[in-house]
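Encoded as structure tokens, the structure appears first; notes follow it.
Laid out in structure tokens, this is it:
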């Protein structure tokens, strides 16, 4: 056994190639590259289509099959020895935030692909097929429902509802998906095939692994998250002539509401995650009193009781600070906390230990596609460190060695699962 | 003398045609018409060019000359009997807010043009030329310096500085102006020719005339106004993983700053006008902690002492609520309060009285091009009512009869000034 080999004594030696994995990251980072070194590769954009084309070309070169389902998830399959066996699945997403980094999502796809290539390089025949999936629209930044592709796959979001979601320009998922498929035709598969097990690799997107000097995060759970849209409707008026008493100022109302919500979400333990990330003011002219504000709330916590109690008070708090405007609060998504399967958690921990990689158990602060797939089959995740925990930021950074270490654990776990 | 005639006994009878004036408003409202009955005809846009072309075609049909100056103001001149006499000038602007109304600005241009046509119809020769001007970019909504064309004309804003102002897409005034002139070539004139007197007609954009049942507002002054840009720079971060203590949340900071500024601007007499009209959040993704916010402050008051005292505290109040972000406050414009010339005020008041029109003296809450031209020559304004005082709003409304009444007073006053 070498540092680059896996520890399973039952199979031929399988080698992760750190250089190849890094080079694939470099190639993908060109698609939607930003001036500040990040990527802007939003779901079903031209850049996303280019990423799909690149992945498909790599898969074709290795003889893997590439398919897509009705919500635009892409599957790369390496066949198993039992044709009818349910596949073991790994993957993540290729879409990014508008000012996103080079590793969030794409790492899980490329680490999975490296595992497939390592199996292929070593000539290992697995009983089950092993599939790498690129889930559609995990970020939810263009189409405002995150983890959309995996939610539809798991039956937690209706296909029709997902297809009807529109981006800020009014383009629906259905329309963008049709364009994507026209640009890159792929054989279609049915929605939601059965899965034997699912393991997703991802950068941590938080500071803990780096702070504690560990290479592998053994992910035990994902905190729950809820998203809301708030619309405040007042009345446009002239900034110079309209007395305050006669105004229905949507910006002033929205500022009061956000202030009150920050108070509602106040938490001495700093466990609550409360974010207003999109905040749009109309018409947006310096000398016009704003007539309308639209903003989003992202609210997360590991405990469902906290999500229920504070989440349930958002609408009343918003209404109490309307200042003469009409306020509506619309729940967009509600993802309960997710606890991963003990046997997958154990496999990841054992593999890291046998490979001699410093590791720790930890929950995930971010949501991931794994939270939906965990409702279908035993699931788990593997985290690797990222610089200063910075993510959803063009400055996102990770080292080739850490990325390869995570891929090594992933390949090991997938190999074990594929022979069960 | 009839209700449609003027009262001057020194000149032949001059008739304002209410139907013609209304029809010209209907034609102009088609250029940039919005679904809700308003207009979006921002400075130097395709719609603004169409409005310039229409005005020029009407002017050509009556034998008036049309010229433009280096900042894109458009002048329609009816010659006087003394070729070298300084002209009497009237006018306003043709650009609108992004969701603007059908009367703000364009009324002053069309009322002035109706006055020119009434003089022409009646065959009246005036001593001085009478000019109708359409000032460029009064609204400042696309290019964020309001009353730009008149400020440059009056020498209160340097031409080079104005030409360098860019819209949110990065298009400069210089570039948009070159496109405008290419689309509609007009003979050029030098900047800032001398003016004998200036009178501007405008809808009130406030509720007082309607509330008090008056048709004509005799405008005595314009309150002063200052505009500022505030930029808050924090750090983008993942909404699910980043603890509050580790965040530099630009939205949270900006909300705190606006709240503190509202307190600074609090005024029991409701005379202070404080508006945050543009407020932009970047990157604007629901699950990313905002890294940057840009917002504008519009602050107005009739007294320069109040403008100085409270305006001077804005930067310190903003800095005190930075919450770990970097905050910069940039003054954009500073227009002192303007008091109009007593002899113009008297002429407007006397004309309204002689025409039997209910009238009242009043200051203007809104800024107007007249505030800049008042530094060059005796100046004044005429207000007519608008429904509920609603302006900078697609629902802006005024009656044909009130518009014609204002044009009648304007024609009367221009006629008197042009013979002095």
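Chains as they are written, first to last, in the working numbering: chain A, 1 to 420; chain B, 1001 to 1420.
Don't be surprised by glycine CBs; every beta carbon is placed ideally from N, CA and C.
Can you have a look at residue i and say buried or exposed, based on whether 16 or more other CB atoms are within 10 angstroms of its CB?
{"i": "residue 1248(B)", "result": "buried"}
{"i": "residue 1289(B)", "result": "buried"}
{"i": "residue 235(A)", "result": "buried"}
{"i": "residue 1018(B)", "result": "buried"}
{"i": "residue 1330(B)", "result": "exposed"}
{"i": "residue 26(A)", "result": "exposed"}
{"i": "residue 1390(B)", "result": "buried"}
{"i": "residue 1006(B)", "result": "Confidence is the limiting factor: at residue 1006(B) the pLDDT is only 44, short of 50, which leaves the residue's position unreliable, though a coordinate-based value still follows. By the 10 Å Cβ count, residue 1006(B) comes out buried."}
{"i": "residue 1185(B)", "result": "exposed"}
{"i": "residue 1048(B)", "result": "buried"}
{"i": "residue 222(A)", "result": "buried"}
Kindly list the residues whose CB is nearer than 7 Å to the CB of residue i, restricted to its own chain and excluding five residues on each side of it in sequence; keep chain order.
{"i": "residue 1070(B)", "result": "1159 and 1191"}
{"i": "residue 414(A)", "result": "88, 90, 115, 130 and 199"}
{"i": "residue 376(A)", "result": "154 and 195"}
{"i": "residue 1004(B)", "result": "Confidence in residue 1004(B) is poor, its pLDDT being 39 and thus under 50, which makes the residue's placement too unreliable to answer from."}
{"i": "residue 1214(B)", "result": "1358, 1359 and 1360"}
{"i": "residue 1008(B)", "result": "At residue 1008(B) the pLDDT is 48, less than 50, meaning the model places this residue with poor confidence; the figure from the coordinates comes in the next sentence. So the list reads 1412, 1415 and 1416, once near-sequence residues are dropped."}
{"i": "residue 334(A)", "result": "226"}
{"i": "residue 59(A)", "result": "66 and 76"}
Pick out whichever of the options has its Cα sitting closest to the Cα of residue i.
{"i": "residue 260(A)", "options": "357(A), 281(A) and 314(A)", "result": "314(A)"}
{"i": "residue 1405(B)", "options": "1065(B), 1086(B), 1223(B) and 1108(B)", "result": "1108(B)"}
{"i": "residue 146(A)", "options": "1394(B), 1411(B), 1287(B) and 1297(B)", "result": "1287(B)"}
{"i": "residue 92(A)", "options": "52(A), 399(A) and 36(A)", "result": "52(A)"}
{"i": "residue 332(A)", "options": "185(A), 144(A) and 78(A)", "result": "144(A)"}
{"i": "residue 1381(B)", "options": "1045(B), 1047(B), 1112(B) and 1142(B)", "result": "1112(B)"}
{"i": "residue 1373(B)", "options": "1402(B), 1350(B) and 1340(B)", "result": "1340(B)"}
{"i": "residue 121(A)", "options": "402(A), 230(A), 63(A) and 86(A)", "result": "63(A)"}
{"i": "residue 418(A)", "options": "176(A), 86(A), 246(A) and 204(A)", "result": "86(A)"}
{"i": "residue 1173(B)", "options": "1042(B), 1355(B), 1264(B) and 1156(B)", "result": "1042(B)"}
{"i": "residue 1268(B)", "options": "243(A), 257(A) and 265(A)", "result": "243(A)"}
{"i": "residue 1207(B)", "options": "186(A), 224(A), 222(A) and 240(A)", "result": "240(A)"}
{"i": "residue 1317(B)", "options": "1292(B), 1256(B), 1058(B) and 1179(B)", "result": "1256(B)"}
Which of helix, strand or coil does DSSP assign to residue i?
{"i": "residue 180(A)", "result": "helix"}
{"i": "residue 1190(B)", "result": "coil"}
{"i": "residue 1376(B)", "result": "coil"}
{"i": "residue 1124(B)", "result": "coil"}
{"i": "residue 113(A)", "result": "helix"}
{"i": "residue 420(A)", "result": "coil"}
{"i": "residue 1248(B)", "result": "strand"}
{"i": "residue 1016(B)", "result": "coil"}
{"i": "residue 1025(B)", "result": "helix"}
{"i": "residue 1048(B)", "result": "helix"}
{"i": "residue 8(A)", "result": "Note on residue 8(A): pLDDT 48, under 50, position unreliable in the model; no value is reported."}
{"i": "residue 2(A)", "result": "Unreliable positioning characterises residue 2(A) in this predicted model, as indicated by a pLDDT of 34, which lies under 50. The coordinate reading is nonetheless provided below. Residue state, collapsed to three classes: coil."}
{"i": "residue 214(A)", "result": "coil"}
{"i": "residue 1259(B)", "result": "helix"}
{"i": "residue 407(A)", "result": "helix"}
{"i": "residue 1222(B)", "result": "strand"}
{"i": "residue 1345(B)", "result": "helix"}
Say the cut is 7 Å; is the CB of residue i nearer than that to a heavy atom of the ligand SAH?
{"i": "residue 1125(B)", "result": "Of the ligands one can find in the structure shown there are none, so the ligand SAH has no counterpart to examine."}
Within its chain, find whatever has a CB closer than 6 Å to the CB of residue i; leave out the 5 residues flanking it on each side and keep chain order.
{"i": "residue 56(A)", "result": "66"}
{"i": "residue 50(A)", "result": "31"}
{"i": "residue 1209(B)", "result": "1217 and 1385"}
{"i": "residue 275(A)", "result": "298"}
{"i": "residue 328(A)", "result": "231"}
{"i": "residue 262(A)", "result": "none"}
{"i": "residue 36(A)", "result": "394"}
So, for residue i: in the same chain, excluding its five sequence neighbours on each side, which residues have a beta-carbon less than 8 Å away from its beta-carbon?
{"i": "residue 188(A)", "result": "67, 68, 69 and 70"}
{"i": "residue 402(A)", "result": "215, 384 and 385"}
{"i": "residue 1117(B)", "result": "1017, 1020 and 1062"}
By the 8 Å beta-carbon criterion, what residues does the segment 1221-1243 of chain B contribute toward chain A? 1223, 1225, 1227, 1235, 1236, 1237, 1238, 1239, 1240, 1241, 1242 and 1243
Contacting positions in the segment 1188-1211 of chain B - beta carbon closer than 8 Å to chain A: 1204, 1205, 1206 and 1207
Of all the residues that make up the segment 145-173 of chain A, which are near chain B by a beta-carbon distance shorter than 7 Å? 146
Members of the segment 266-284 of chain A that neighbour chain B once the beta carbon cut-off is set at 7 Å: 270, 273, 275, 276, 277, 278, 279, 281, 283 and 284
Which residues of the segment 1387-1404 of chain B have a Cβ closer than 9 Å to any Cβ of chain A? Give them in chain order. 1389, 1390, 1391, 1392, 1393, 1394 and 1395
According to a CB-to-CB cut-off of less than 7 Å, which residues of the segment 332-346 of chain A neighbour chain B? none
Chain-ordered residues of the segment 1285-1319 of chain B with a beta carbon less than 7 Å from chain A: 1285, 1286, 1287, 1288, 1289, 1290, 1296, 1298 and 1300
For the segment 99-111 of chain A, list every residue whose C-beta sits within 7 Å of some C-beta in chain B, in sequence order. 99
At a Cβ cut of 9 Å, what residues of the segment 362-376 of chain A count as close to chain B, listed as they run along the chain? 364, 365, 366 and 367
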